[in-house]
Amino acid sequence: MTAAQQGDALALDQLLGELAPYVHRLCKRVAPEVADDATQEALLAVFRGLPSLQAPEAIITWVRAISVRKAVRLARRAGREATAQPPTEPRAPSLEGLVDIGDALGRLPPAQRAVLVLRTCEGLSEHEIAATLGISAGTVKSRLHRARAAFRKVWDS
Amino acid sequence: MNDPAEQAGIDPIHRLTILAAALPGAAVRQRRIAAPFEAVWRVIADLEHSTPRYEPGVTRVQLTHRQGQRLHVIVTHSDGHEEPATATLRPGWCLMQSATAVVAFAAIPAGRQTLLAHLEHRRGPAPAPGHSRSRQRRAALTKIEQELRTIERLVTQT
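In order, the protein sequence lines correspond to chains A and B.
Numbering-wise (my numbering), the first sequence opens with residue 470 and increments by one.
Numbering-wise (my numbering), the second sequence opens with residue 526 and increments by one.
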């Protein structure tokens, strides 16, 4: 990290190889329709800010915040705040149900998807989610409540 | 394609743009070369023979050690001084760094043509903002644009 922050291009290149899969995984969960664009924009923001990152030991926390915020912003810009239309053909259920979980998650608005992903996939507390998204803990609580209710409704339908 | 970043949707051109974001003052330009990817990359990847033909400040590049994607070279400049450099080289991605400079190429196929991007970055303290810095930047951009044109000539004439 120190070498990367000091402009060592080979260290930066290695860091990019390590961060890109994590950023893409997050962006794909929060904003599947714009995951690639969100990944590129998030990594650009990360690398632009890298030289002035004060606490390199907290890089994952910082990268996560940038990635999720970018993903939510891009998804909103793509006009997908409203719940997506359900597919006309029923999907064949997978053995592990992974496709169904992704489908159910994908039908939530990006803001709700983000809090649910951070809680269930990243294991963050409500306060950590609030810090990641730059919102109040109260807003996190109510979004989580709505997200879980919406997810259950889609899942059971 | 087994590079983790490419699997995450970051192609070499994107990779170069992201890398440049962390190198203040880096000059980046890209050019569409009227030749297939394999032909373009054959020229770029041949560091020893190609570099002196398009890089005016370099008279020789000598490969001293290679292990997988990692290469070690000695670069001889036109003023005679020699400088070691380390490079990462794989299809579509070439990143070379010495104590004084970073040079990179990224390429992706574009139909029967190739999109080729080139980065150069002078290492060390950045010049203070002002007329001198913007003049240096313009000179760097002009230089790499000329190098891209030369590379296109090398590719299309072989």
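Built from N, CA and C at the ideal position, the CB exists for glycine as well.
Check, Outcome
"Below 8 Å on the Cβ atoms is my contact criterion, and I expect L512/A with V492/A to pass it. Report the Cβ-Cβ distance as a whole number of Å.", "6 Å"
"Taking Cβ positions only, does G617/B come closer than 8 Å to chain A?", "no"
"With DSSP as the reference, label A559/B as helix, strand or coil.", "coil"
"I believe L640/B touches Q555/B by the beta-carbon criterion, under 8 Å. Please report the beta-carbon distance rounded to the nearest angstrom.", "6 Å"
"CA-CA distance, S657/B and P525/A?", "32 Å"
"Nearest to V499/A by CA position, among D625/A, D477/A and R588/A, is which residue?", "R588/A"
"Evaluate contact between the region 629-638 of chain B and the region 593-605 of chain B, counting only Cβ atoms and requiring at least three cross-stretch pairs below 8 Å.", "no"
"Could you check which residue in R615/B, T611/B, R674/B and G617/B has the C-alpha nearest to that of T625/B?", "T611/B"
"Where does T667/B land, buried or exposed, given buried means 16+ other C-beta within 10 angstroms?", "exposed"
"Can you tell me which of I676/B, L644/B and V627/B puts its alpha carbon nearest to the alpha carbon of D477/A?", "V627/B"
"Give the secondary structure of L548/B by DSSP, where H, G and I count as helix, E and B as strand, and everything else as coil.", "coil"
"Quick one: give me the first and last residue of the beta strand (DSSP E) that Q622/B is part of.", "W618 to S623"
"Which residue marks the beginning of the beta strand (DSSP E) containing H646/B, and which one marks its end?", "Q638 to R647"
"What in chain A is Cβ-close to T611/B, meaning under 7 Å?", "L479"
"Should T508/A be flagged as near chain B, meaning a C-beta pair shorter than 8 Å?", "yes"
"Could you tell me whether the Cβ of R517/A comes closer than 8 Å to any Cβ of chain B?", "yes"
"Tell me which residues share the same chain as G649/B and place their Cβ nearer than 8 Å to its Cβ, disregarding the 5 neighbours each side in the sequence.", "T625"
"Please classify H643/B: is it buried, with 16 or more other beta-carbons within 10 angstroms of its beta-carbon, or exposed?", "buried"
"Can you find the residues in the same chain that come closer than 6 Å, C-beta to C-beta, to A559/B, ignoring five residues on each side of it along the sequence?", "Q638"
"Helix, strand or coil for A547/A, going by three-state DSSP, please let me know.", "coil"
"Which chain B residues are close to G571/A, counting only those with a beta carbon under 9 Å from its beta carbon?", "Result: empty, since nearest Cβ-Cβ is about 17 Å, beyond 9 Å."
"Please report whether the beta-carbon of A524/A lies at a distance below 8 Å from any beta-carbon of chain B.", "no"
"Taking all protein chains shown into account, do 16 or more other C-beta atoms lie within 10 angstroms of the C-beta of G548/A, making it buried, or fewer, making it exposed?", "exposed"
"In terms of residues, what are the limits of the beta strand (DSSP E) holding E607/B?", "E607 to R615"
"Terminal residues of the continuous beta strand (DSSP E) containing A629/B?", "A626 to A635"
"Indicate the three-state DSSP secondary structure (helix, strand or coil) for Q475/A in the structure shown.", "coil"
"Return the first residue and the last residue of the beta strand (DSSP E) that I599/B is part of.", "R595 to H602"
"Going by CA-CA distance only, name the one from T471/A, L602/A, E502/A and S594/A that's closest to R576/A.", "E502/A"
"Closer than 7 Å by beta-carbon distance: list the chain B residues that pair up with A453/A, in chain order.", "Outside the shown range of chain A (470 to 626) lies residue 453/A, about which nothing can therefore be said."
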